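Chemist: Okay, handing you the structure first.
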Amino acid sequence: MKNKKLDLRNKTMKAAVFYAPHQVKLEDINIPDVGPDEVLVKVKAALTCGTDRKTYLRGHHLFNPPFVFGHEFAGDIVEVGSKVKNFKPGMRVVAANSAPCNSCFYCKNGEHSLCDSLFIQLSGAFAEYIKIPGIIVSQNLLQFPETVSYKEAALLEPLSCVVHGVEDSNIKLGDTVVINGAGPIGLMFLQVIKLKGARVIITDLHEERLRLASKLGAYKTIKVSKVQNVVEEVKKYTEDNRGADVAIEAVGLPQVWEQTISMVRKGGTVNLFGGCKTGTKVSIDTSLIHYSQINIKGAFHHTPGQVKRALNLICNKVINVDSLITDELPLSEISTIIELMLAHKGIKIAVIP
Ligand SMILES: [Zn+2]
Ligand SMILES: [Zn+2]
82 MKNKKLDLRN
92 KTMKAAVFYA
102 PHQVKLEDIN
112 IPDVGPDEVL
122 VKVKAALTCG
132 TDRKTYLRGH
142 HLFNPPFVFG
152 HEFAGDIVEV
162 GSKVKNFKPG
172 MRVVAANSAP
182 CNSCFYCKNG
192 EHSLCDSLFI
202 QLSGAFAEYI
212 KIPGIIVSQN
222 LLQFPETVSY
232 KEAALLEPLS
242 CVVHGVEDSN
252 IKLGDTVVIN
262 GAGPIGLMFL
272 QVIKLKGARV
282 IITDLHEERL
292 RLASKLGAYK
302 TIKVSKVQNV
312 VEEVKKYTED
322 NRGADVAIEA
332 VGLPQVWEQT
342 ISMVRKGGTV
352 NLFGGCKTGT
362 KVSIDTSLIH
372 YSQINIKGAF
382 HHTPGQVKRA
392 LNLICNKVIN
402 VDSLITDELP
412 LSEISTIIEL
422 MLAHKGIKIA
432 VIP
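The opening position of the sequence shown corresponds to residue 82 in this note's numbering, with each subsequent residue numbered one higher.
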């Protein structure tokens, strides 16, 4: 282990570095040094995500440039700090990009996804090596078996958010659920909700995504641009046109939030999962909440328990990860990767250092 450390000291690695919106450069930078409670991972596969797309376009309020781009990855441990107990070099691992503090009001109250200092976040997956901070090592760094590929494991973080969304949506056996948005998040919702014994209607603008949704077991797909009134169209596929038992928004646009709210039956649950731009507003017919008793909620991020359950889903092979990864490119082609991401081409792209 000591030797390994000497091996990597003062060595450089390739990394995609973010300088400003629209400015990401492939550079040689130093391989990070590892502190006593930290772990160094050799990245074997990373994935692109909607957050990366947004960061590329407008920056990220939690990270000051320059920083290494990307946050979804899996790889092999190459070095562990002197105080790290449960991990050793050679282990296949995946990490969530944050961990709760366990000492604020929310953590003590069991609401870890609302932790006041949750955002000791991790960035740097689009590189040959990534350093995992101690707080994540102790809570959200997980080992996975050889039966799971690095690409499959790399889906852990967004899937953990989806597990949170599904666990909070009050889905019962035999329910009809509508998901608005068939991007990576919507397609993960589809797969996890099907495990709950519900029938899924899914809407989107893109034909290609809806085809994939059908393949993954959607009961009905609706191309939004092809119908006059998407709310009425969804209701048509529910018993007596009364609306879905549960409606999920997986786009992050205020107008889609409003449509989603109108798609549930009386007493139904609406999960407005897609984060909209800060400061945006929606209007809601008050009678839906009073007379129709609909339940409206949001779900943000995940807890360490949800991260673990998401990894179980991946390891148990009940989630089709491969179909969500539509391209695979080497890190050296970072500009092509960004172009594909900006053009909404495919679902997720695997970035291989
Ligand atoms: Zn992500
Ligand atoms: Zn906390």
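The C-beta atom is built at its ideal place from N, Cα and C for all residues, glycine as well. For clarity, every value in this text was computed on a predicted model and none was experimentally measured.
Which whole-angstrom value describes the C-beta separation of I406 and A431, a residue pair presumed to lie in contact below a C-beta threshold of 8 Å?
Modeler: Right, the Cβ-Cβ distance comes to about 5 Å (below 8 Å), so this counts as a contact.
Chemist: Name the residue from K358, I365 and V388 whose alpha carbon lies nearest to the alpha carbon of H142.
Modeler: For the residues K358, I365 and V388, the minimum Cα distance to H142 belongs to K358.
Chemist: Nearest to L293 by CA position, among G215, P265 and R280, is which residue?
Modeler: Taking only the C-alpha atoms, the option nearest L293 is P265.
Chemist: By DSSP, does I395 sit in helix, in strand, or in coil?
Modeler: I395 falls in the helix class under three-state DSSP.
Chemist: Are there any heavy atoms of ligand 1 lying less than 7 Å away from the beta-carbon of H152, as far as the coordinates show?
Modeler: Checking the Cβ of H152 against ligand 1 gives yes.
Chemist: Taking buried to mean at least 16 other C-beta atoms within 10 Å of its own C-beta, is K83 buried or exposed?
Modeler: Residue confidence is low: K83 scores 46 on pLDDT, short of 50, so the model does not pin down where it sits. Its coordinate-derived value is still stated next. That one is exposed.
Chemist: So which of K362, T319 and H287 has the shortest CA-CA distance to W338?
Modeler: Closest option to W338, Cα to Cα, is K362.
Chemist: Consider the C-beta atom of E233 and the heavy atoms of ligand 1; say whether any pair is separated by less than 7 Å.
Modeler: It does not: the Cβ of E233 is nowhere closer than 7 Å to a heavy atom of ligand 1.
Chemist: How about I158 and V115: do their beta carbons lie closer than 8 Å?
Modeler: Going by C-beta atoms, I158 is not nearer than 8 Å to V115.
Chemist: Just to check, is the beta-carbon of Y100 closer than 7 Å to a non-hydrogen atom of ligand 2?
Modeler: Answer for Y100: no, Cβ out of range of ligand 2.
Chemist: Could you round the C-beta distance between I112 and K92 to whole angstroms and report it? I think they count as a contact, below 8 Å.
Modeler: Indeed, because the Cβ distance is near 5 Å, the residues count as touching under 8 Å.
Chemist: For a test of the three-state rule: what should DSSP assign to K429, helix, strand or coil?
Modeler: In this structure, K429 counts as strand in the three-state DSSP scheme.
Chemist: Name the residue from S194, K275, R323 and I283 whose alpha carbon lies nearest to the alpha carbon of I242.
Modeler: The amino acid at residue 242 is misidentified as Ile; the sequence shows Cys. Ranking S194, K275, R323 and I283 by Cα distance to C242 puts S194 first.
Chemist: Could you tell me which residues DSSP puts in a beta bridge with Y372?
Modeler: Beta-bridge pairing links Y372 to no other residue.
Chemist: Which runs of the alpha helix (DSSP H) fall wholly inside the region 183-248 and span at least 4 residues, in chain order?
Modeler: The region 183-248 contains these whole alpha helix (DSSP H) runs: 186-189, 215-221, 231-234 and 237-248.
Chemist: Closest by CA to P385, which one among V175, R290 and Q104?
Modeler: Comparing Cα positions, the closest option is V175.
Chemist: By Cβ distance below 7 Å, which residues in the same chain neighbour I274 in space, the five residues on each side in sequence not counted?
Modeler: Excluding sequence neighbours, I274 sits near V247, I252, V258 and V281.
Chemist: Between the C-alpha atoms of A279 and L128, what's the straight-line distance to the nearest angstrom?
Modeler: So the two alpha carbons sit approximately 29 Å from each other.
Chemist: Among the candidates H103, K164 and C130, whose CA atom is the shortest distance from the CA of G140?
Modeler: Comparing Cα positions, the closest option is H103.
Chemist: Looking at the unbroken alpha helix (DSSP H) that takes in G131, where does it start and where does it end?
Modeler: Taken as a continuous stretch (DSSP letters only), the alpha helix (DSSP H) holding G131 covers G131 to R139.
Chemist: Three or more C-beta pairs closer than 8 Å, one from the region 315-331 and one from the region 224-233: is that the case here?
Modeler: Output reads no: the region 224-233 does not touch the region 315-331.
Chemist: Throw me the rounded Cβ distance for the V149 and G205 pair, which I believe falls under 8 Å.
Modeler: Right, the Cβ-Cβ distance comes to about 4 Å (below 8 Å), so this counts as a contact.
Chemist: Can you have a look at V399 and say buried or exposed, based on whether 16 or more other CB atoms are within 10 angstroms of its CB?
Modeler: Under this definition V399 is an exposed residue.
Chemist: DSSP three-state call for V23: helix, strand or coil?
Modeler: Any question about residue 23 goes unanswered here, given that the chain covers just 82 to 434.
Chemist: Would you kindly work out how many angstroms separate the C-alpha atoms of V315 and I260, rounded to a whole number?
Modeler: Their Cα atoms are separated by approximately 10 Å.
Chemist: Over the uninterrupted alpha helix (DSSP H) stretch that includes P147, give me the two end residues.
Modeler: That residue, P147, is in no alpha helix (DSSP H); it is neither H nor E in DSSP.
Chemist: Quick check on D157: does DSSP put it in helix, strand or coil?
Modeler: Three-state result, D157: strand.
Chemist: Ordered along the chain, which non-local residues of its own chain (more than five positions away) have a Cβ less than 7 Å from that of I415?
Modeler: Contacts found: A97, V105, L107 and F207.
Chemist: Rounded C-beta distance between V388 and N221? I'm assuming under 8 Å.
Modeler: Confirmed, about 5 Å.
Chemist: Can you give, in chain order, each stretch of the beta strand (DSSP E) that sits fully within the region 267-343 and has at least 3 residues?
Modeler: The qualifying runs are 280-285, 301-304 and 325-330.
Chemist: Are the CB atoms of A299 and D285 nearer to each other than 8 Å?
Modeler: The answer is no: Cβ separation not under 8 Å.
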